[in-house]
Amino acid sequence: MVPPEAKGHDNSVRERDDAHLQRMGKKPVLKRNFGILSILGFSCTILGTWESLLGTFTGPLRNGGSGGAIYAFIFGWVGTFASFMVLAELASMAPTSGGQYHWAAMLATPKHMKFISFITGWFTVLGWQCAFAAVAFLTGSMIQGAIILGNDLYHAMPWHSMLICWASLSFALIINLVGGKILPRAGVVLLVVHIVGFFGVLIPLVYMAEHNTKEQVFLSFHNGGGFETQGLSWFVGMTTCAFAFGGGDAAVHMAEEIANASKVIPQTLMLSIGINGCLGFGILIATMFCTGPDLGGKLGGITGYPYMGIFLEATNSVSGSLAMSAIILVVYIGALMGLLAAASRQLWSFSRDRGVPGWRLWSRISTSRQLPVPALIVSVTIAWLLAILESGLMSPWRTSCLWQYRPSTYRTSWYRSSSSSAASAATYPCTMTARTKLSTCQALSLSGAHFATLVSWAPSLTAMP
419 MVPPEAKGHD NSVRERDDAH LQRMGKKPVL KRNFGILSIL GFSCTILGTW
469 ESLLGTFTGP LRNGGSGGAI YAFIFGWVGT FASFMVLAEL ASMAPTSGGQ
519 YHWAAMLATP KHMKFISFIT GWFTVLGWQC AFAAVAFLTG SMIQGAIILG
569 NDLYHAMPWH SMLICWASLS FALIINLVGG KILPRAGVVL LVVHIVGFFG
619 VLIPLVYMAE HNTKEQVFLS FHNGGGFETQ GLSWFVGMTT CAFAFGGGDA
669 AVHMAEEIAN ASKVIPQTLM LSIGINGCLG FGILIATMFC TGPDLGGKLG
719 GITGYPYMGI FLEATNSVSG SLAMSAIILV VYIGALMGLL AAASRQLWSF
769 SRDRGVPGWR LWSRISTSRQ LPVPALIVSV TIAWLLAILE SGLMSPWRTS
819 CLWQYRPSTY RTSWYRSSSS SAASAATYPC TMTARTKLST CQALSLSGAH
869 FATLVSWAPS LTAMP
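Spelled out as structure tokens, the structure:
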């Protein structure tokens, strides 16, 4: 039997949450199933800093070197922490699923608030849809890489990865449609896997692998991109470290399903960046000490993910390498569920404010499930269609993706050729705006570059204030 005091406290929290929404002109229609642990689990899993670093650490190694990668990570961590402090403050004042576009309207002048909010909303919606599709593709290609690791006779084809991606998307959709208590409980389980799995990968890797010297790790710098200066090369490599902190504001877009949202969301944002920063820094140091000059050898090149080759070189066991890789895959699948939830809520919220075509449909809430079912389905459909880009069935789409990559390529080329420091300073914001393109394409060298060109806009779009 629940004590009367507990019931009174729950009612007080619910009334306060509803009052926040009503103050912003919104009606509470979603069920608040998430608490601090469950939403922290989803936030940490979507951030997945240590897991994503294992998949993309070759970017800062090529441009910056081992030492450059470590210092770039620290730089990116501090910058992200500062950004999250601002987001936490805004979330405490206005906890709504709209997040950034709602805050933009709050902070803009009355004359420009609608335009700024509309543009920010579109950038955020597109960013989350692209991020969801990107992680779906990464999940499919990583599972395919694990199959290559475990079966020498397997002949990988791009459409295999597409089918695996579709299966992962279908699983995420089913879990989200079931909803209820499953998602919050899954968040707690994923938090445990995220933290315990870190040690499950770190300890065998550090204990069994051959180690580089501390001079090689902390004092080694490399300009693999042929840039004019080492500093510029370091900044290019740093984009991968910034990518590792993308998606951390997922808790914001789940605000209307979190109990005591005005307190829980700020706590979640700061805890998630602290936990993921520590774990990411630890795995980066370990990887730099345990990575040989061949970056995972032939297996790393075949799978497209050098960390699988590094695991095999360290453990000298296919089963052990598969077990370590499986931990990362579980987290990626969990992140896919959380990304779908956040992306659909962002789309639903913007549709509720009539910001997208067909808003009447996308803003509907299932009365039986108390979930934005149309927004969930359309988010998965978009990711399904984007996955076809890598199936080899839509070559014209590949060409259009390459055209999207051209502007950032031209900026970078002009940046290299310019000897003027003033010109370099002027183009630096453009280069950083197009961040993650080069590093992501390098990381997905196994037939993934064209798809990554499209979806790698996601971190830039979701970072809109």
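Position one of the sequence shown corresponds to residue 419 (the numbering used here), numbered consecutively onward.
Using N, Cα and C, we set each Cβ at its ideal position, and we do this for glycine too.
Verify whether the separation of the beta carbon atoms of A926 and G655 is less than 8 Å. Any answer about residue 926 is impossible in this case: the structure gives the chain only from 419 up to 883.
Alpha helix (DSSP H) segments (min. 4 residues) lying fully within the region 646-689: Segments of the alpha helix (DSSP H) lying fully in the region 646-689: 648-661, 668-671.
At the level of alpha carbons, what is the spacing between V619 and L479? Our two residues, V619 and L479, have alpha carbons roughly 20 Å apart in a direct line.
Nearest-angstrom Cα distance between C659 and G494? Each residue's Cα considered, the two are about 6 Å apart.
For G443 and G773, which I take to be in contact (beta-carbon distance under 8 Å), what is that distance rounded to the nearest angstrom? Wrong, their Cβ atoms sit about 15 Å apart, outside the cutoff.
Given this structure, state the Cα-to-Cα distance separating G752 from P528, to the nearest angstrom. Between G752 and P528, the C-alpha separation is close to 41 Å.
According to DSSP, simplified to helix, strand and coil, what is I582? Three-state result, I582: helix.
For the alpha helix (DSSP H) that Q788 lies in, which residues bound it at each end? For Q788, there is no enclosing alpha helix (DSSP H), since its DSSP letter is neither H nor E.
Inter-stretch contact (C-beta, 8 Å, three-pair minimum) for the region 662-680 and the region 500-518: The way I'd put it, the region 662-680 does touch the region 500-518; three or more beta-carbon pairs between them come closer than 8 Å.
Work out the CA separation of F617 and V431 for me, nearest whole Å. Their Cα atoms are separated by approximately 37 Å.
Measure the Cβ-Cβ separation of G597 and L458 and say whether it is below 8 Å. Contact flag unset, no.
For F452, the residue or residues it bridges with in DSSP: Partner(s): I676.
For the alpha helix (DSSP H) that Y519 lies in, which residues bound it at each end? That run of the alpha helix (DSSP H) goes 518-525.
Secondary structure at N594, three-state DSSP: helix, strand or coil? Helix at N594.
Counting along the chain, where does the alpha helix (DSSP H) carrying I600 start and finish? I600 -> alpha helix (DSSP H) spans 600-626.
Beta-carbon separation of I745 and G563 under 8 Å? No, the Cβ-Cβ distance between I745 and G563 is not below 8 Å.
Quick check on G644: buried or exposed, where buried means 16 or more other Cβ atoms within 10 Å of its Cβ? Exposed is the call here.
Rounded separation between D436 and K716 - CA only: D436 and K716: Cα-Cα distance of roughly 57 Å.
H573 classed as buried or exposed, judged by whether at least 16 other C-beta atoms fall within 10 angstroms: Exposed: under 16 other Cβ atoms inside 10 Å.
6 Å CB neighbourhood of K599 in its chain, flanking five on each side removed: In the same chain as K599, and ignoring 5 residues on each side of it, no C-beta atom comes closer than 6 Å to its own.
List the DSSP bridge partners of L569. Checking the sequence shown, residue 569 turns out to be Asn, not Leu. N569 pairs with nothing; no bridge assigned.
By Cβ distance below 8 Å, which residues in the same chain neighbour F636 in space, the five residues on each side in sequence not counted? For F636, where only same-chain residues beyond five positions count, the Cβ hits under 8 Å are S484, G485, I488.
What separation, rounded to the nearest whole angstrom, lies between the Cα atoms of G649 and S638? Those two C-alpha atoms are separated by around 13 Å.
Report yes if the C-beta of F653 is less than 7 Å from at least one heavy atom of the ligand ADP; otherwise report no. Among the components of this structure there are no ligands whatsoever, and the ligand ADP is therefore not found.
Three-pair Cβ contact test at 8 Å for the region 765-784 versus the region 599-608: No, the region 765-784 is not in contact with the region 599-608.
Rounded to the nearest angstrom, what separates V543 and M755 at their Cα positions? Roughly 17 Å separates the two Cα atoms.
What is the C-beta distance between S797 and A741, in whole angstroms, given that I count them as a contact (C-beta under 8 Å)? That belief does not hold up - the Cβ atoms of S797 and A741 are roughly 32 Å apart, past 8 Å.
Using three-state DSSP, classify N734 as helix, strand or coil. N734 falls in the coil class under three-state DSSP.
What three-state label does DSSP hand N630 in the structure shown? In the three-state reduction of the DSSP assignment, N630 falls in the coil class, being assigned neither a helical nor a strand state.
Within the same chain, show all residues whose beta-carbon is closer than 7 Å to that of L465, passing over the 5 residues directly before and after it, in chain order. Contacts found: F663, G665, G666, S690, N694.
Where do the ends of the alpha helix (DSSP H) carrying T514 lie? No alpha helix (DSSP H) holds T514; DSSP gives it neither H nor E.
Length of the line joining the Cα atoms of M850 and T657: No answer about M850 holds up, because its pLDDT of 40 lies below 50 and its placement is not dependable.
Which same chain residues, not among the five before or five after S510, have their C-beta less than 6 Å away from its C-beta? For S510, where only same-chain residues beyond five positions count, the Cβ hits under 6 Å are S680, P684.
Can you tell me which of R434, T467, N451 puts its alpha carbon nearest to the alpha carbon of I701? Of the listed residues, the one whose Cα sits closest to I701 is T467.
Taking C-beta to C-beta, are F502 and M688 nearer than 8 Å? Taking 8 Å as the Cβ cut-off, F502 and M688 qualify as a contacting pair.
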